[in-house]
Each structure stands twice: as structure tokens, then as C-alpha cells.
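J.: Okay, so the sequence shown: first residue is 6 according to the numbering used here, each after it adds one. We put the CB at the ideal spot given by N, CA and C, even for glycine. Just passing along the structure, written as C-alpha cells.
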Amino acid sequence: VTDSKTGFPYYVADIVVDPAELAAVPQITLYPGMPASVMIVTEERTALDYILGPLLASFHSAFRQE
């Protein structure tokens, strides 16, 4: 989906909060439309993947001309 005002692409996602997790923090009330930061797992990664990922990505793009 593309934002009609900015032209930037974005994804639409429906996020479901586990009721047990929400009950663990009774001082927090969720409302529709609240901003959220969500990590969507697309594949399993090891700790080494998180450490080496940015380094390998920089090597992949190094010495390439755009």
C-alpha cells in the first residue's frame, strides 16, 4: 500500500495482543489507532545472524555504483 500524501509504501497488519500479556500490565489501556512498534518475524535467526547481518549487508553493497 502507498501513502497517498507522501507516496511512501507501507504494510497494513492486524496485530492481536494476547489477553494474558495485556492482563500482566493493568496500568496500560489500549485504544484503537494507537501507534505501536511491532517486530514481525519472517524467518528464524540466530544471535550470530543479528550480529553479522549488517556487516554482510555492507559488504554486499560495497563497491557497487548506483
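Which partner residues does T7 have in the DSSP bridge list?
T.: DSSP lists P14 as partners of T7.
J.: Between Y16 and D8, how many whole angstroms is the CB-CB distance? I'm expecting something under 8 Å.
T.: The pair is not a contact, with the Cβ atoms about 11 Å apart (cut-off 8 Å).
J.: Quick one: give me the first and last residue of the alpha helix (DSSP H) that D26 is part of.
T.: The displayed chain sequence assigns Glu, not Asp, to residue 26. From DSSP, the alpha helix (DSSP H) with E26 extends over 24–28.
J.: Determine whether the beta carbon atoms of A18 and I56 lie at a separation below 8 Å.
T.: Taking 8 Å as the Cβ cut-off, A18 and I56 do not qualify as a contacting pair.
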